[in-house]
Every structure is written in structure tokens, then in C-alpha cells.
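Participant: The structure is given below, and queries will be raised subsequently.
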């Protein structure tokens, strides 16, 4: 069984990957998508979105990181994937699940689920081009508007050479609205001969248990549920090991929240750093009443020095 941290564009950047993987329980994580259209991207682009390439493609906690691509041109994706491998990418991941309208309009992400032949061509070309020892993996949704083509898409990915498939158990149109259709993960696993990961609507340990029962798969990718409850992967890993799961307390989380802010202060412009903190705090309010109070204090604050004081006082 493996537990993966989902790649969420604009949310799970290098800072949050670092903080969440230090909590424990995560077996691997993925970069935000690197968008490829017409050219070979420079090394600087990869190092900006995947600075872990400087540290053996691992986070500070030692968690392996995969490099994720989004696009629709098989050869261009393959060329960029090969270049990423030369920079140290240990796994190439392909995004066929992003529901963003701007991405879909430019023929990327979930809109490609309308074209299983193109999915196959992309994976096949990437698989053919990157070194044989580098795995190629993929993430998909159940379809764009309906689910009738989900199994064809999954077969296309597996037959093209994907060694793992993550299934976000909703269509593009369904977005992030509950429920996630975990029973479709089981259907996908029935028609492909590679490991399938379940993804979507796992917010708690009980959600994970139900997802595992309904989907029939052991592997899972956690997204918003893990961002909102940073100890969730550690809890699942504890149950997997036959140990008693422990809830992560606010006191344990506070130093990580402060570290997240300090990293944001160092790496982002002062105008952007407060927004990243508020984004994570807003998600933490789902789990922690203390986050509700802290979010209320910082939500209108743009002065980084003032936020320094508020966070230092809260720890």
C-alpha cells in the first residue's frame, strides 16, 4: 500500500510539500503541473517548480518527488520529460485530470479524456522517449461530462505504458462536488493490469476506510483532505502498520505553520506571502477550531511584520 500527496496547482508548492511530508505517512509526492505546449522548457523552469531536483528529487523529509506534466503534444511532452529526467526526475507523471477551464480550453488536463487515442499516444511517446528505468505514471478523472468513457481512457493509459494510474473519482463537470464515485475506481482496476490509486473526498480516517472498502484498492492519493488534516496520512500509515492512529494536535501543528510562513517570507514576494498563508489556514479551519480564530486575525492583514507577530504569539 502507498499513500501519495496529490499535486494541486497553486496550493501544494515546494513549501507545502516540504511541511506536509515532514509530518509523516506520505510515500511520494508530485510537483504542480509543468505546462508544455510548443518548445523545450529551460532548466530554470524545472528548478523553479521542482527545486527538489537539487536534492536528489526528495523533500527535506526524504520523500520522493515526481515531476508532473500537462499538455497535448505527444512529442513535445516526451522531449520535455526526457530533459526532466536528465535533471534528475525519478518518475514522470502525466496530468489528465485538471478541471480548470483555462487549462481545458488550451487542450490540457481533463478535456483530453474525450480523446482516448490521444491519451494513448501521449503516454506511449513519453514512455518510448524517457529512459527505460524511469517510470511513467498518469492521473485521470472519470470523464469530462459523463463516465461512459472512463474504462477506455484507463485502458489507453495502461496500454500506452503507464505503470500506475491515479483515478480522481469524479468527472470534470462534477469538479470537487461530493460524492466521489469510488465504485468506479474498482471498475478501472478490473480492466487494467497496473496499480490503481483512489483519489477524491477522503477527509478523515473513516473516509479512507470506506473508500478502501468500496474501491477495493489499497493505494490512495490524498489532496485537500491532507492539506486540511496534515496528520491524516500518518494516521492511515499507523492503521496500515497495526498501530493506534493519533490525531495531530494544534500544538503539534503550530511550529509547522510558523515554518511554512517563514519559508513563504523567504521565497515569495511580500505581496504574495500573506495570501499563501491564508490559503492554508482557511483549509485548516475545517479541522481545527484554533485555525478559525487565527484565520479571523490574519484574513485582512497584508503587513508581513504584523503577521510575524500574530504567528509568533500563537505558537
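Residue numbers (full-length UniProt numbering): 1 to 315. Heads up, the beta-carbon is just placed ideally off N, CA and C, and yes, glycines get one too. For clarity, every value in this text was computed on a predicted model and none was experimentally measured.
#1: What residue does the alpha helix (DSSP H) around residue 236 start on, and which one ends it?
#2: Report the option in 193, 49, 53, 184 whose CA atom is closest to the CA atom of residue 214.
#3: So the beta strand (DSSP E) residue 137 belongs to, where does it begin and stop?
#4: What are the residues that DSSP puts in a beta bridge with residue 95?
#5: Bridge partners of residue 69, per DSSP?
#6: Is residue 120 helix, strand or coil by DSSP?
#7: How many Å lie between residue 285 and residue 256 at the Cα?
#8: Could you pull the DSSP bridge partners for residue 28 from this structure?
#9: Who does residue 221 pair with in a DSSP beta bridge?
#10: Just checking my contact of residue 182 with residue 198 at CB under 8 Å: how many whole Å lie between their CB atoms?
#11: Return the chain-ordered ranges of every alpha helix (DSSP H) run that is complete within the region 222–309 and spans a minimum of 4 residues.
#12: Three-state secondary structure (DSSP) at residue 23?
#13: With 16 as the cutoff for other CB atoms within 10 Å, does residue 325 come out buried or exposed?
#14: By the 10 Å Cβ neighbour count, where 16 or more other Cβ atoms means buried, how is residue 287 classified, buried or exposed?
#15: Would you kindly report the start and end of the unbroken alpha helix (DSSP H) that includes residue 188?
#16: Using only CA atoms, which one of 156, 117, 133 lies nearest to residue 194?
#17: So residue 135 packs on residue 91, CB below 8 Å; how close in whole Å?
#18: Can you give me the C-alpha to C-alpha distance between residue 51 and residue 14, rounded to a whole angstrom?
#19: Between which residues of its own chain and residue 263 is the CB-CB distance below 6 Å, once the five residues before and five after are set aside?
#20: Residue 222 and residue 3: beta carbons closer than 8 Å?
#21: Since residue 38 and residue 76 should fall inside the 8 Å C-beta cutoff, what is the C-beta to C-beta distance between them, to a whole number of angstroms?
#22: Sort 69, 19, 64, 62 by Cα distance to residue 32 and report the nearest one.
#23: For residue 240, which residues from the same chain have a beta carbon less than 6 Å from its beta carbon, with the 5 sequence-adjacent residues on both sides left out?
#24: Please report how far the alpha carbon of residue 311 lies from the alpha carbon of residue 293, in whole angstroms.
#25: Does residue 141 pass the burial test, meaning 16 or more other C-beta atoms within 10 Å, or should it be called exposed?
#26: Taking C-beta to C-beta, are residue 245 and residue 238 nearer than 8 Å?
#27: For residue 20, is the classification buried or exposed, using 16 other Cβ atoms within 10 angstroms of its Cβ as the cut-off for buried?
#28: Would you kindly check if the distance between the Cβ of residue 150 and the Cβ of residue 103 is under 8 Å?
Facilitator: By the coordinates alone:
#1: As a first step, residue 236 is located in the chain shown; it is residue number 236 there, counting from the start. Secondary structure note for residue 236: its alpha helix (DSSP H) is the uninterrupted segment 232–240.
#2: The residue given as residue 214 occupies position 214 in the chain shown. For the residues 193, 49, 53, 184, the minimum Cα distance to residue 214 belongs to 184.
#3: Here the question's residue 137 lines up with position 137 in the chain shown. Counted as a single uninterrupted DSSP element, the beta strand (DSSP E) harbouring residue 137 occupies residues 136–141.
#4: Working through the chain shown from its first residue, we reach residue 95 at position 95. DSSP, once it has assigned bridges, lists 139 as partnering residue 95.
#5: Here residue 69 refers to the residue found at position 69 when the chain shown is read from its first residue. Residue 69 pairs with 34, 94.
#6: Numbered from its first residue, the chain shown carries residue 120 at position 120. DSSP places residue 120 in helix when its eight states are reduced to three.
#7: Looking up residue 285 in the chain shown gives position 285. Looking up residue 256 in the chain shown gives position 256. Rounded to the nearest whole angstrom, the C-alpha separation of residue 285 and residue 256 is 16 Å.
#8: Translated into the one-based positions of the chain shown, residue 28 becomes position 28. According to DSSP, residue 28 bridges with 4.
#9: Position 221 of the chain shown, counted from the first residue, corresponds to residue 221. DSSP lists 4, 199 as partners of residue 221.
#10: To locate residue 182, count along the chain shown from 1; it is residue 182. To locate residue 198, count along the chain shown from 1; it is residue 198. Between residue 198 and residue 182 the Cβ distance is about 6 Å, and since that is below 8 Å, they are a contact.
#11: Qualifying alpha helix (DSSP H) stretches, in chain order: 224–228, 232–240, 250–267, 273–284, 289–298.
#12: One-based indexing of the chain shown puts residue 23 at position 23. In the three-state DSSP reduction, residue 23 falls in the helix class (H, G or I).
#13: What is shown of the chain runs 1 to 315, which leaves residue 325 out entirely.
#14: Mapped onto the chain shown, residue 287 falls at position 287. Its Cβ being crowded by 16 or more others within 10 Å, residue 287 is buried.
#15: Your numbering for residue 188 matches position 188 in the chain shown. Residue range 182–191 is occupied by the alpha helix (DSSP H) that includes residue 188.
#16: As a first step, residue 194 must be located in the chain shown, where it is residue number 194. When only C-alpha atoms are compared, the closest one is 156.
#17: Locating residue 135 in the chain shown gives position 135, counting from the first residue. Locating residue 91 in the chain shown gives position 91, counting from the first residue. With a contact defined as Cβ atoms closer than 8 Å, residue 135 and residue 91 qualify at about 5 Å.
#18: Translated into the one-based positions of the chain shown, residue 51 becomes position 51. Translated into the one-based positions of the chain shown, residue 14 becomes position 14. Straight-line measurement puts the Cα of residue 14 at about 7 Å from the Cα of residue 51.
#19: Here the question's residue 263 lines up with position 263 in the chain shown. Correct list, in chain order: 15.
#20: If you number the chain shown from 1, residue 222 lands on position 222. If you number the chain shown from 1, residue 3 lands on position 3. Between residue 222 and residue 3, the C-beta gap is smaller than 8 Å, which places the two residues in contact.
#21: Residue mapping note: residue 38 aligns to position 38 of the chain shown, counting from 1. Residue mapping note: residue 76 aligns to position 76 of the chain shown, counting from 1. Cβ-Cβ separation between residue 38 and residue 76: approximately 6 Å, consistent with a contact (criterion under 8 Å).
#22: For the purposes of this step, residue 32 is taken as residue 32 along the chain shown, with counting starting at 1. The residue among 69, 19, 64, 62 with its C-alpha nearest the C-alpha of residue 32 is 69.
#23: Position 240 of the chain shown, counted from the first residue, corresponds to residue 240. By the criterion of a C-beta distance shorter than 6 Å, residue 240 is surrounded in its chain by 1, once the five residues flanking it on both sides are discounted.
#24: The residue labelled residue 311 in the question sits at position 311 within the chain shown. The residue labelled residue 293 in the question sits at position 293 within the chain shown. If you take the alpha carbons of residue 311 and residue 293, they lie about 12 Å apart.
#25: Stepping through the chain shown from its first residue, residue 141 is reached at position 141. It is buried - the Cβ of residue 141 has at least 16 other Cβ atoms within 10 Å.
#26: To locate residue 245, count along the chain shown from 1; it is residue 245. To locate residue 238, count along the chain shown from 1; it is residue 238. Going by beta carbons, residue 245 and residue 238 fall inside the 8 Å limit.
#27: Counting from 1 along the chain shown, the entry for residue 20 is found at position 20. By the 10 Å Cβ count, residue 20 comes out buried.
#28: Counted from its first residue, the chain shown places residue 103 at position 103. Counted from its first residue, the chain shown places residue 150 at position 150. Contact flag unset, no.
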